[in-house]
Amino acid sequence: MKKRLITINSNDLPKSVETKNLFKKKLKEAGFEVSEEFSDDTELVVCVGGDGSFLKTVRDFDYPEVPIVGINTGHLGFFPEIVPDKIDEFIESYLNENYMIQEVPLLRAMICTHKSCVNFFALNDVTIRGDKSRTVHLKLLVNGKKVENFSGDGMIICSQTGSTAYTYSAGGSIIDCNIDAIQLTPLSPINTNAYRSFTSSIIFSKDTEISIRPEYRFEDSILIVIDGVELRFKQITDINICTSDVKLKLLRLSDYEFWDRVSTKFL
Numbered sequence: 001m002k003k004r005l006i007t008i009n010s011n012d013l014p015k016s017v018e019t020k021n022l023f024k025k026k027l028k029e030a031g032f033e034v035s036e037e038f039s040d041d042t043e044l045v046v047c048v049g050g051d052g053s054f055l056k057t058v059r060d061f062d063y064p065e066v067p068i069v070g071i072n073t074g075h076l077g078f079f080p081e082i083v084p085d086k087i088d089e090f091i092e093s094y095l096n097e098n099y100m101i102q103e104v105p106l107l108r109a110m111i112c113t114h115k116s117c118v119n120f121f122a123l124n125d126v127t128i129r130g131d132k133s134r135t136v137h138l139k140l141l142v143n144g145k146k147v148e149n150f151s152g153d154g155m156i157i158c159s160q161t162g163s164t165a166y167t168y169s170a171g172g173s174i175i176d177c178n179i180d181a182i183q184l185t186p187l188s189p190i191n192t193n194a195y196r197s198f199t200s201s202i203i204f205s206k207d208t209e210i211s212i213r214p215e216y217r218f219e220d221s222i223l224i225v226i227d228g229v230e231l232r233f234k235q236i237t238d239i240n241i242c243t244s245d246v247k248l249k250l251l252r253l254s255d256y257e258f259w260d261r262v263s264t265k266f267l
């Protein structure tokens, strides 16, 4: 009988490496095959670390179609489902299929320059801001219709999943996990007689397409950050963001409750 394969990934911090090795040992004792390389036979991806490691694992494994779960050895740990001292309970729950799968849609960001367009996926958010601490001037369009000329530090466009990340720190709203939506949050908007900008978040339906067109008043100084990774392009003409058809499968234990997690982590 073919063994069931679980792929495990971790950051390089001593606590994470120690937890990874312990988890690998216990999985093998439970009859699983364990690898640190993703393959077509993988049935579950396990990430050991914090939220940053979770996002990196998802990205490094190219947004896998199999479920993914995290063991928290970081600080906040909103994505990771398991704490290290509950490893045995998790393995038992997994063997007994005492869990559920939450499918969350990714954002797709198409970044266009004068030469080409490139697509990126984001689990949490896409941030457009000024490089070198410059004020940015952005034209905001929603479903092809102009909404405003924005001036300020920038904008965050997040998924429902990302509403508890950078957006929350910037004054955005937490969106219930059962609502598929896109949220746009302005960063330090300038609202004067010269510049008129939204000063609070806007929540759109999941079918909305948001387009942002930079206006270069000084140098080419637009910085794009996707799930914490900085990207730089020359002369960006358009940034188009929408809900993708690609979904990530998050493994949740049967007692998972979103607002209990919010209360525990934030309040």
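First residue of the sequence shown: 1, per full-length UniProt numbering; consecutive thereafter.
Positions of the beta carbon are idealized from the N, C-alpha and C atoms, including for glycine.
Distance between beta carbons of residue j and residue i, contact taken as under 8 Å
i	j	result
GLU244	PRO105	Note on identity: in this sequence residue 244 is Ser, with Glu being the wrong assignment. Sure, about 6 Å apart at Cβ, within 8 Å.
GLY152	THR127	Actually they are not in contact, since the Cβ atoms of GLY152 and THR127 sit about 12 Å apart, beyond 8 Å.
GLN183	GLY172	6 Å
GLY49	LEU76	Their Cβ separation, rounded to whole angstroms, is 12 Å, which puts GLY49 and LEU76 out of contact at 8 Å.
VAL66	LEU44	6 Å
ILE157	ILE241	5 Å
ASP238	SER211	6 Å
ALA170	ASN124	Incorrect: roughly 13 Å between the Cβ atoms, too far for contact.
First and last residue of the uninterrupted beta strand (DSSP E) at residue i
i	result
LEU76	Where LEU76 is concerned, there is no enclosing beta strand (DSSP E), given that its DSSP letter is neither H nor E.
PHE121	117 to 122
residue 274	The question about residue 274 has no answer here: the residues shown for the chain are numbered 1 through 267.
residue 286	As shown, the chain starts at 1 and ends at 267. That puts residue 286 outside it, with no answer to give.
ILE8	5 to 10
ILE202	202 to 205
Strand pairing of residue i, partner residues [DSSP]
i	result
PRO186	MET155
PRO84	The partner list for PRO84 (beta bridge, DSSP) is empty, contrary to what the question assumes.
GLU65	Answer is none; GLU65 lacks a bridge partner.
ASN149	LYS139
LEU106	Beta-bridge pairing links LEU106 to no other residue.
GLU33	LEU5
GLU230	VAL225
THR208	Bridge partners of THR208: none, in fact.
DSSP state of residue i mapped onto helix, strand, coil
i	result
ASP51	helix
ARG213	strand
THR135	coil
GLU97	coil
LYS56	helix
ILE128	strand
THR199	coil
ILE91	helix
GLY172	coil
GLY144	coil
THR161	helix
CYS112	strand
GLU42	Sequence check: residue 42 is Thr here, not Glu. Strand.
Host alpha helix (DSSP H) of residue i (start-end)
i	result
GLU29	14 to 29
ASP260	258 to 266
SER169	166 to 169
| task | Evaluate the contact criterion for the region 69 to 85 versus the region 242 to 252: three or more CB pairs, one atom per stretch, below 8 Å. | result | yes
| query | Taking contact to mean at least 3 C-beta pairs separated by less than 8 Å, is the region 6 to 19 in contact with the region 34 to 54? | reply | yes
| Does the region 90 to 100 come within contact of the region 19 to 32, defined as at least 3 CB pairs closer than 8 Å? | yes
| query | Counting pairs of beta carbons, one from the region 231 to 245 and one from the region 253 to 267, are three or more of them closer than 8 Å? | reply | no
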